[in-house]
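A short worksheet on the structure shown next.
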Ligand code: SF4
């Protein structure tokens with residue numbers, strides 16, 4: 035089996051190790067480029083959300099590279115994500131590709147562990163559990179790495195480039211739980227030291243649609259650009275937090291849900307609850323502003339726009355919402371971000387916000 039799945043930022047490592055531990059040969063598509071997006075957009079329904087187009091482009095490039103088995107997360111109930119896999123499989127078949135396609139439901143861990151994975155890979159549920167544990171630990175490592183990288187970027191951008199290169203290699207090579215635990219501790223210590231010895235000038239909470247938060251190609255490397263401008267980005271979303279949420283062991287969710295409830299009586303699906311709850315949590319923790327990112331036609335994130343306006347008024351904090359589609363220009367995005375940061379700096383000078391370290 036030559037298995038492929040769409041890229042999901044640094045967390046791709048965790049998914050790759052999961053499939054490898056189950057005995058698959060992972061055939062990752064080439065890194066995401068303009069071609070990936072153009073291919074995806076060419077064969078997608080025009081108004082579908084951007085993650086659909088990018089992941090479809092991903093699948094086409096993986097099939098071109100020789101993949102014969104595709105995995106796609108599925109089953110997001112209220113939003114379009116629940117239909118991604120039906121449509122993508124159909125489009126790829128109509129294009130003439132030969133492959134097996136496995137939608138993996140996010141909401142039935144029991145079926146996933148005891149039925150689906152054992153059937154596909156001819157392994158026992160115990161082996162699935164072991165591979166799952168490895169994926170959870172590796173995704174925790176990827177989260178710690180990203181949090182550390184965010185701090186270094188905001189303080190010394192050039193140094194962050196070396197750090198990123200060095201640790202990506204270490205993360206990719208860490209295949210055993212013991213090695214992963216050592217790296218996890220090391221990254222936490224590095225982050226703590228950088229924070230202790232340096233002063234952070236501006237701190238921004240990043241919220242929005244999950245694929246856009248995790249995949250740098252989708253958000254046009256927004257986090258990198260913010261780091262270059264000396265901004266510390268805080269973000270709670272990762273594959274690790276998502277896995278904990280699906281396994282119902284995400285401790286923070288109760289708090290997030292409680293915060294969101296006041297502004298969103300009913301969830302419109304997707305990550306709307308997280309977007310609202312995390313925004314309030316970041317504000318309470320003293321960020322200088324919030325940046326909200328989402329695909330242009332994303333239903334849940336468009337619905338929360340009104341709630342975010344209200345939160346901005348209630349807590350007297352600037353919130354910048356940025357939507358992206360395949361025509362979005364990076365220059366346009368950066369111009370808006372720079373103007374927003376100027377506003378945050380001016381507020382800070384005028385004493386509307388406190389320094390954090
Ligand atoms: S959350 Fe938004 S972008 Fe993601 S699948 Fe649903 S509608 Fe599309």
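In my numbering, the protein residues as written are 35 to 391. Even glycine gets a Cβ: it sits at the ideal position worked out from N, Cα and C.
Unbroken alpha helix (DSSP H) run spanning residue 14, endpoints: No statement about residue 14 is possible, as the shown extent of the chain runs from 35 to 391 and does not include it.
Could you check if residue 300 is buried or exposed, using at least 16 other CB atoms within 10 Å of its CB as the buried criterion? By the 10 Å Cβ count, residue 300 comes out exposed.
Are the stretch 321 to 338 and the stretch 294 to 313 in contact at 8 Å, needing three or more beta carbon pairs? Yes: at least three Cβ pairs fall under 8 Å.
With burial defined as no fewer than 16 other Cβ atoms inside 10 Å of the residue's Cβ, what is the status of residue 383: buried or exposed? In summary, residue 383 is exposed, with fewer than 16 beta-carbon neighbours lying within 10 Å of its beta-carbon over all protein chains present.
Compute the beta-carbon to beta-carbon distance between residue 475 and residue 185, rounded to the nearest angstrom, for a pair I have assumed lies under 8 Å. This structure cannot settle anything about residue 475, because the visible part of the chain is limited to 35 through 391.
Check whether the Cβ atoms of residue 164 and residue 58 lie closer than 8 Å to each other. No Cβ-Cβ contact shorter than 8 Å links residue 164 with residue 58.
In terms of residues, what are the limits of the beta strand (DSSP E) holding residue 353? For residue 353, the enclosing beta strand (DSSP E) has its first and last residue at 353 to 358.
Excluding five sequence neighbours on each side, which residues of the same chain lie with their C-beta closer than 6 Å to the C-beta of residue 385? Cβ contact annotation for residue 385 (same chain, cutoff 6 Å, sequence separation greater than five): none.
Are there three or more Cβ pairs, one per stretch, closer than 8 Å when the stretch 100 to 107 is compared with the stretch 132 to 151? Under the Cβ criterion (8 Å, minimum of three pairs), the stretch 100 to 107 counts as touching the stretch 132 to 151.
Inspect the CB distances between the stretch 87 to 103 and the stretch 278 to 290 and report whether three or more fall short of 8 Å. In short, these stretches do not touch, since the Cβ pair count stays below three.
Between which two residues does the alpha helix (DSSP H) holding residue 241 run? Note, residue 241: premise wrong, no alpha helix (DSSP H); beta strand (DSSP E) at 236 to 242.
Going by Cα to Cα distance, which pick from 204, 72, 69 and 92 is closest to residue 42? That would be 92, whose Cα lies nearest to the Cα of residue 42.
Just mark residue 126 as buried or exposed, buried being the case when its beta carbon has 16 or more other beta carbons within 10 Å. Flag for residue 126 reads buried.
Taking 7 Å as the limit between beta carbons, can you name the residues of its chain near residue 183, skipping five residues before and five after? Only 194, 197 and 198 meet the Cβ criterion.
Mind checking whether the beta-carbon of residue 242 lies closer than 7 Å to any heavy atom of the ligand SF4? For the ligand SF4, no non-hydrogen atom lies closer than 7 Å to the CB of residue 242.
Taking only heavy atoms of the ligand SF4 into account, decide whether any of them is closer than 7 Å to the Cβ of residue 115. Relative to the ligand SF4, residue 115 has its C-beta within less than 7 Å of a heavy atom.
With DSSP run on the structure shown, which of helix, strand or coil describes residue 112? DSSP places residue 112 in coil when its eight states are reduced to three.
Own chain partners of residue 270 with C-beta closer than 6 Å, once the 5 adjacent residues on each side are dropped: In its chain, beyond the 5 residues on either side, 312 have a beta carbon closer than 6 Å to the beta carbon of residue 270.
Thinking just about the alpha-carbon of each residue, which of 323, 355, 314 and 359 is nearest to the one in residue 377? Residue 323 is the option with its Cα nearest to residue 377.
Is the beta carbon of residue 342 closer than 8 Å to that of residue 432? Residue numbering for the chain in the displayed model covers 35 to 391; residue 432 lies beyond these limits and cannot be assessed.
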